[in-house]
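Student: Residue numbers (the UniProt record's numbering): 1 to 289. Have a look at this one before I ask anything.
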Amino acid sequence: MPRPDPASPVQWTAALLIGAAAILLLYNTLPVALAYPRAGTTALVLFSLFAVPFLVMRRRLAGHLALPGAGLAIGLAWGATVAVMTSLFGSRALHGLFATAWGPAWAERWAPVLAAPVVEEVVKTAGVVLVVAIFWGRLHGVLDGIVLGAFCGVGFQIVEGYAFAMSNTVINRAGDVVEPVVAVFIVRGVLAGLWSHAIFTAIAGAGIAYAATRRTARSAWIAAAAVGAVIVLHAVWNSPLLRDGLGLGSLGVLGGIMLKGLPAVLVVWWLVRWAKRAEAPVAAAVPDA
1 MPRPDPASPV QWTAALLIGA AAILLLYNTL PVALAYPRAG TTALVLFSLF
51 AVPFLVMRRR LAGHLALPGA GLAIGLAWGA TVAVMTSLFG SRALHGLFAT
101 AWGPAWAERW APVLAAPVVE EVVKTAGVVL VVAIFWGRLH GVLDGIVLGA
151 FCGVGFQIVE GYAFAMSNTV INRAGDVVEP VVAVFIVRGV LAGLWSHAIF
201 TAIAGAGIAY AATRRTARSA WIAAAAVGAV IVLHAVWNSP LLRDGLGLGS
251 LGVLGGIMLK GLPAVLVVWW LVRWAKRAEA PVAAAVPDA
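Laid out in structure tokens, this is it:
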């Protein structure tokens, strides 16, 4: 972790935004958590499982990573607080604009496709950029960005999943029970968890790290293209496309989910393989003292 620097605007920005968003998040979630402690604990435990695959990823790629764990912790905190709260209010604002312009029914159908992906991916990527700025010069390569982006996305994914689960618990009106939480986890965790926020932001993080380590005009355009591609992938994922499984029942719905979500997973898989070939391990890249 870099030393706290009172003169560093980047560190101040991160601390103030994460702190303010954390307070706002607690204000919005704590009353329900206290009212439904069993459901809340279950939701937090279940959705925290999202982090496990990416902790394993970080361990397996450790020889190629130079970004300290503190950087990943800041990214996780940003995703769980600033990204969640900004996306909540930003998406609502755009939904309202769409409803005013084209009607509530149109907004209800298309705001998740046109508003949420733009707001959410831009804000999560901003967290990646902020961590890179705090640890400027510490990134070794694209793999650092992939893991950092994944952690930022995981933070968002955990809190968003928790919020959906608790909302379902309240709407269910059955009291402090875990069934509504488990139902949401099956849909948003088991079926949709693999190709969601962590994967999207990992792709954006790869682009940001590529630009930060190459520092050329071309690499900056590649980073912008990565963010744009993630917005498109997220929009396709949120779209009504194949949502009914073409009328083929549960297997059709599952197939539709995989067709929409798998491309992002394959992109991250390819990026990891490419970066491991193209970039030397950290130990080999740093000469002995």
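Every residue, glycine too, gets a C-beta built ideally from N, C-alpha and C.
Which of helix, strand or coil does DSSP assign to residue 37?
Tutor: If DSSP states are grouped into helix, strand and coil, residue 37 belongs with the helices.
Student: To the nearest whole angstrom, what separates the beta carbons of residue 132 and residue 206, a pair I think is in contact under 8 Å?
Tutor: At roughly 12 Å, the Cβ-Cβ gap does not stay under 8 Å, so residue 132 and residue 206 are not in contact.
Student: Taking 8 Å as the threshold (C-beta atoms), are residue 181 and residue 54 in contact?
Tutor: The answer is no: Cβ separation not under 8 Å.
Student: Starting from residue 147 and walking both ways along the alpha helix (DSSP H), at which residues does that stretch end?
Tutor: Here the alpha helix (DSSP H) through residue 147 covers 142-172.
Student: Looking only at its chain, what residues have a beta carbon closer than 8 Å to the beta carbon of residue 39, apart from the 5 residues adjacent to it on each side?
Tutor: So the list reads 165, 166, 169, 176, 177, 178, 180 and 181, once near-sequence residues are dropped.
Student: So what does DSSP say about residue 49, is it helix, strand or coil?
Tutor: Here residue 49 sits in coil by DSSP.
Student: So, under 8 Å CB-CB, residue 189 and residue 161 are touching, yes? Tell me the CB distance rounded to an integer number of Å.
Tutor: About 6 Å separates the two Cβ atoms, so the contact holds.
Student: Could you give the DSSP three-state label for residue 196: helix, strand or coil?
Tutor: Reduced to three states, the DSSP call for residue 196 is coil.
Student: Do residue 135 and residue 69 count as a contact pair if the criterion is CB distance below 8 Å?
Tutor: Cβ distance not < 8 Å, so residue 69 and residue 135 don't count as in contact.
Student: Check this for me: beta carbons of residue 157 and residue 197, under 8 Å apart or not?
Tutor: Yes. Within cutoff.
Student: How many angstroms separate the CA atom of residue 22 from the CA atom of residue 77?
Tutor: In a straight line, the C-alpha of residue 22 is about 9 Å away from that of residue 77.
Student: Quick one: what's got a C-beta closer than 6 Å to residue 125's C-beta in the same chain, skipping five residues either side?
Tutor: Cβ neighbours of residue 125 beyond the five flanking positions: 204 and 227.
Student: Once you ignore the five residues that flank residue 263 on each side, which residues in its own chain have a CB closer than 7 Å to its CB?
Tutor: So the list reads 233, once near-sequence residues are dropped.
Student: If you run the structure through DSSP and keep just helix, strand and coil, what is residue 13?
Tutor: Residue 13 falls in the helix class under three-state DSSP.
Student: Out of 118, 66 and 62, which has the shortest C-alpha to C-alpha gap to residue 87?
Tutor: Closest by alpha carbon: 118.
Student: Go ahead and pull the three-state DSSP assignment for residue 279.
Tutor: Residue 279 falls in the coil class under three-state DSSP.
Student: Indicate whether at least one CB of chain E lies closer than 8 Å to the CB of residue 178.
Tutor: The structure shown contains no chain E; it is built from a single protein chain.
Student: My assumption, with CB atoms under 8 Å, is that residue 82 sits in contact with residue 127. Please give the rounded CB distance.
Tutor: Going by Cβ atoms, the distance from residue 82 to residue 127 rounds to 7 Å, so yes, they are a contact pair.
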